[in-house]
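Numbering (our numbering), first residue to last: 140 to 209. All C-beta atoms, glycine included, are put in the ideal place defined by N, C-alpha and C. As the structure is a prediction and not an experimental result, all values here were calculated from the model.
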């Protein structure tokens, strides 16, 4: 069992959000996270702005951000 010591850390949030964005780009929805809110959170982490429907771009940007911030 793995315990995450600081779930509010930006890297942990980016990893979870990347998965959400990938699923949203395929058409799946999350019950507690809207598509707009997912893009807003991705924008806060990466510093880029996203328009409606750019979940795949946000996921790839988050992946690059995770690789750049170990």
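Name the residue from the options whose alpha carbon lies nearest to the alpha carbon of residue i.
i	options	result
residue 192	176, 152, 207 and 148	176
From the DSSP output, in three-state form, read off residue i for me.
i	result
residue 183	helix
residue 190	coil
residue 149	helix
residue 167	coil
residue 173	coil
Within 10 Å of its beta-carbon, does residue i have 16 or more other beta-carbons around it, so buried, or fewer, so exposed?
i	result
residue 169	exposed
residue 165	exposed
residue 167	exposed
residue 151	exposed
residue 157	buried
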